[in-house]
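**Q**
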Amino acid sequence: MMVSSLSGSILHFLPNSCDPPYKVLEEHPHLNLLSKCNNINSLRQIHSLFIKTGLHNTTFALSKLIHFCAVSPSGDLSYALSLFHSIQHQPVSNPFIWNTLIRAFSLSLSPIFSLQLYLHMLHSGVQPNSYTFPFLFKSCAKAKATLEGKQLHAHVLKLAIHSNPHVHTSLIHMYSSVGQLDYARLVFDKSTLRDAVSFTALITGYVSEGYVDNARHLFDEIPTKDVVSWNAMIAGYVQSGRFEEALACFGHMQEAYVSPNKSTMVTVLSACGHLGSLELGNWISSWVRECGLGSNLQLTNALVDMYSKCGEIDTARELFDGIEERDVISWNTMIGGYSSLGLYEEALALFELMLRSNVTPNDVTFLGILPVCACLGALDLGKWVHAYIDKNLKSTNNASLWTSLIDMYAKCGCIEVAEQVFGSMHSRSLASWNAMISGLAMNGDAERALGFFSEMANEGFQPDDITFVGVLSACTQAGLVDLGRQYFSSMIQDYRISPKLQHYGCMIDLLGRAGKFEEAKIMMRNMEMEPDGAIWGSLLNACRVHGQVELGEYVAERLFQMEPENPGAYVLLSNIYAGAGRWDDVARIRTRLNDKGMKKVPGCTSIEIDGVVHEFLVGDKFHPQSKSIYRMLDEVDKLLEESGFVPDTSEVLYDMDEEWKEGALSQHSEKLAIAFGLISTKPGTTIRIVKNLRVCGNCHSATKLISKIFNREIIARDRNRFHHFKDGFCSCDDCW
DNA sequence: CTAGGGTTAG
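Residues 1 to 736 in the UniProt record's numbering are what the first sequence lists, from first letter to last.
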């Protein structure tokens, strides 16, 4: 919208005064009623009283009414407007009323309307004053109406009110928040007004454009820094992710004897959470109690966030439970806290409670819940979330929400749906490309993962370290040694990304599985950092695949030292011995494991039926439908036998890794889950299961056959990848 | 009678 240029006639217009003097009216008894009015209904009553007594004919009384419903939080802007229109028949020459309505729109969801009102004001011949412009500039800032803001700037200059401090600062603020730093700076530099307020307006502009160091220089120039300017600087560091500096700034603030307030603490708590500074967090917590601010919602939310980020989830929950009226941020913070600590059940339980409490979830809620769906393989819930987003949050610009959906579908094995979501995104982010690439890789489609990588480059996206984790893992899953090497060196040379542990992990896994042990060892020696347990672990797994007993023993010893509490290395080494037929050594390792009191993580498979997640352990008889499950299992085994399937008993020991020895092969958790899936879903439905460990060789062969016999697609997610079983084949080509 | 800068979840 363009504001017509201010004509001379309007500038020189002198409003007529048709109201009786204010003083007389101020003493009118009914006017005092407004000060006690606290809701729209009593306002209506007062309004009717005004009509009865004839007060409604005075602009002064109406302006009081309008002010109440336009600005008070319990007011009603449309009521204010109808009051305003009721006095349209006579010229509203009182700028106060116009200003009030312009202010009301600047606070509303459609601030741009205040500009329309401003135009209307000009056409009615009312001269804007120094009160009008701060509201207008706030609206321009909110609506990012740069062009209109510049025109209004011209009006300010014509009216010669640019040296008014309020007008001046709101102008700087407007240019700052639409990203026009040069103009903000120009306004600032042209004026002699250099108080903390105008400095701060400029500082936040620099911060939001990412120039936190420039902001700091300005900050240092402020003659007398007040709380707000300190808060702005601390928040600037927090927004730039420079949390240590935020805390240092907070320290300087205290040295300068400026007392912090609520906002200071809210901001500092956010930094504490990111840095895990529990000590400072606790100190602020007692500050909050001492100041009697324990019931302040913003502060409590910030404390909940800080505690959960510091891992003190129970303290966080206690605070959360103590909140009288939780807002959506309280819920999101708590759910996100559980989610990021891997406490999935708790996160889901709280989400359910949130919905039952009739709190409307928003995009941030789902950013906490979708990773839970992804980790648990809870596809039904994930689909529900997707439908909810489509229905209620369709217009969200939040690219990370769509990315979370892509990730969820990919991790639930629905790579086609993930791709549909990706295709429907309005503006793709780097993260969404990354999610697609690693999603395709983990679903065993290396070729398309690499295809997406080149496509993304064509669309002008610069890959980052996470992209390359996806690309390299695609190579690893598919055993593409040469390509993997090429991408690895291209990452370093062409993209100047220095490899991290995860990249080395992929490469060593890739080389080891291809039997290139020498090359893997050289790479491990040349790494800039110490290889971690995961890297030694993948080398040990490679030793298992290639029957490398001697190297395996060496690698296992390293792992025993590095991670004495991790039974994984013992299990893998015993597998290596079993594979070589060295049963005495198998027994020796098992004794060693038992002596240490370590237990193998039990194999556990889950399957979601109608939104409920059912978990199975080896030989598990706890399920309410246990009897029918075992009846189905017998039938499965019978059919397997009839089609010539011979259980590989050597694998019982060989694969102790996965299910130890306590259960018969046919009672492995994945088979229980599949049997349950067969009796609980309609024929032909895809069965999806999630296993916490790698799938065992015997079950893998059995599942391939089951997919053919029962004509079912079975999608199994194990610890690191997917197996799509169909017609007797698996997408992994029997290599995992 | 109104007015300027900072403030929580990802």
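Beta carbons: idealized from backbone N, C-alpha and C, even for Gly.
Output the boundary residues of the beta strand (DSSP E) element that contains Cys-310.
**A** Per DSSP, Cys-310 belongs to no beta strand (DSSP E) and is neither H nor E.
**Q** I think Leu-343 touches Ile-323, with their Cβ atoms under 8 Å apart; what is that distance to the nearest whole Å?
**A** Not quite, the Cβ-Cβ distance comes to about 19 Å (not below 8 Å), so this is no contact.
**Q** What residue from Trp-230, Tyr-338, Val-197 and Arg-185 has the CA that sits closest to Asp-305's CA?
**A** Considering only alpha carbons, the answer is Tyr-338.
**Q** Return the CA-CA distance between Ser-259 and Leu-319, expressed in angstroms with no decimal places.
**A** 25 Å
**Q** For Asp-363, which residues from the same chain have a beta carbon less than 7 Å from its beta carbon, with the 5 sequence-adjacent residues on both sides left out?
**A** So the list reads Leu-393, Thr-396, Asn-398 and Leu-401, once near-sequence residues are dropped.
**Q** With distances taken from CA atoms, which of Met-442, Ser-277 and Lys-621 is nearest residue 760?
**A** Outside the displayed span of the chain (1 to 736) sits residue 760, for which this structure offers no information.
**Q** Sorted by chain position, which residues of the same chain lie with C-beta nearer than 6 Å to Asn-261's C-beta, five sequence neighbours on each side aside?
**A** Val-227
**Q** Evaluate the contact criterion for the stretch 206-223 versus the stretch 231-246: three or more CB pairs, one atom per stretch, below 8 Å.
**A** Counting C-beta pairs closer than 8 Å gives three or more between the stretch 206-223 and the stretch 231-246, which meets the contact rule.
**Q** I'd like the span of the beta strand (DSSP E) that includes His-724, first residue to last.
**A** 722-726
**Q** In its own chain, which residues sit with a C-beta less than 6 Å from the C-beta of His-162, not counting the 5 before and 5 after it?
**A** Val-156
**Q** Name, in chain order, the residues that DSSP records as bridge partners for Ser-606.
**A** Glu-615 and Val-690
**Q** Tell me where the beta strand (DSSP E) around Arg-717 begins and ends.
**A** 714-717
**Q** Out of Asp-327, Ala-387 and Phe-50, which has the shortest C-alpha to C-alpha gap to Asn-358?
**A** Asp-327
**Q** To the nearest angstrom, how far is it from the Cα of Leu-109 to the Cα of Asp-380?
**A** 35 Å
**Q** Less than 9 Å between the beta carbons of Val-238 and Ser-208, yes or no?
**A** no
**Q** If you drop the 5 nearest sequence neighbours on each side, which residues of the same chain put their C-beta closer than 7 Å to that of Thr-224?
**A** Ala-196
**Q** Quick one: Cα of Ser-124 to Cα of Arg-356, how far?
**A** 52 Å
**Q** Quick one: residues in its chain with C-beta nearer than 6 Å to the C-beta of Ser-152, no 5 flanking neighbours on either side, listed in chain order?
**A** The sequence shown places Leu at residue 152, not Ser. Leu-136.
**Q** What did DSSP end up calling Cys-730 once you bin it into helix, strand or coil?
**A** strand
**Q** Beta-carbon within less than 6 Å of Gly-236's beta-carbon, same chain only, minus the 5 sequence neighbours each way: which residues are those?
**A** Val-207, Val-212 and Ala-215
**Q** From the DSSP output, in three-state form, read off Cys-373 for me.
**A** helix
**Q** Is it buried or exposed, Ile-687, if we count other Cβ atoms within 10 angstroms and call 16 or more buried?
**A** Per the 10 Å Cβ criterion, buried.
**Q** Between Thr-467 and Ile-508, is the Cβ-Cβ spacing less than 9 Å?
**A** Here Thr-467 is not near Ile-508, since their CB atoms are 9 Å or more apart.
**Q** According to DSSP, simplified to helix, strand and coil, what is His-426?
**A** Looking at His-426 - three-state DSSP - the assignment turns out to be coil, as it is neither helix nor strand.
**Q** Where Leu-299 and Leu-280 are concerned, what is the direct C-alpha to C-alpha distance, given to the nearest angstrom?
**A** 15 Å
**Q** Excluding five sequence neighbours on each side, which residues of the same chain lie with their C-beta closer than 6 Å to the C-beta of Leu-653?
**A** Only weak support is given to the placement of Leu-653: the predicted model assigns it a pLDDT of 45, under 50, and the value that follows is read from those uncertain coordinates. Ala-578, listed in sequence order.
**Q** Can you give the beta carbon distance from Ile-102 to Ser-114, rounded, assuming they're within the 8 Å contact cut?
**A** About 4 Å separates the two Cβ atoms, so the contact holds.
**Q** Determine the DSSP secondary structure at Val-549, reduced to helix, strand or coil.
**A** helix
**Q** Can you grab the Cα-Cα spacing for the pair His-700 / Asn-282, in whole Å?
**A** Distance from the CA of His-700 to the CA of Asn-282, rounded to the nearest whole angstrom, comes to 51 Å.
**Q** Shortest alpha-carbon distance to Gln-548 belongs to which of Pro-134, Leu-573, Thr-192 and Ser-404?
**A** Leu-573
**Q** Please classify Gln-667: is it buried, with 16 or more other beta-carbons within 10 angstroms of its beta-carbon, or exposed?
**A** Classification of Gln-667: buried, given that the 10 Å Cβ count is 16 or more.
**Q** Please state the DSSP three-state secondary structure of His-85.
**A** helix
**Q** One question on the structure: do Thr-360 and Ile-335 come within less than 9 Å of each other, judged by their Cβ atoms?
**A** no
**Q** Exposed or buried, Gly-644, counting other C-beta atoms within 10 Å across all chains shown (16 or more means buried)?
**A** exposed
**Q** Put Glu-642 into one of helix, strand or coil per three-state DSSP.
**A** The answer is helix: DSSP assigns Glu-642 an H, G or I state.
**Q** Going along the chain, which residues of its own chain have a beta-carbon closer than 7 Å to the beta-carbon of Leu-332, five neighbours each way excluded?
**A** The residue you asked about is not Leu; residue 332 is Asn in the sequence shown. Taken in chain order, the residues that qualify are Val-364, Thr-365 and Gly-368.
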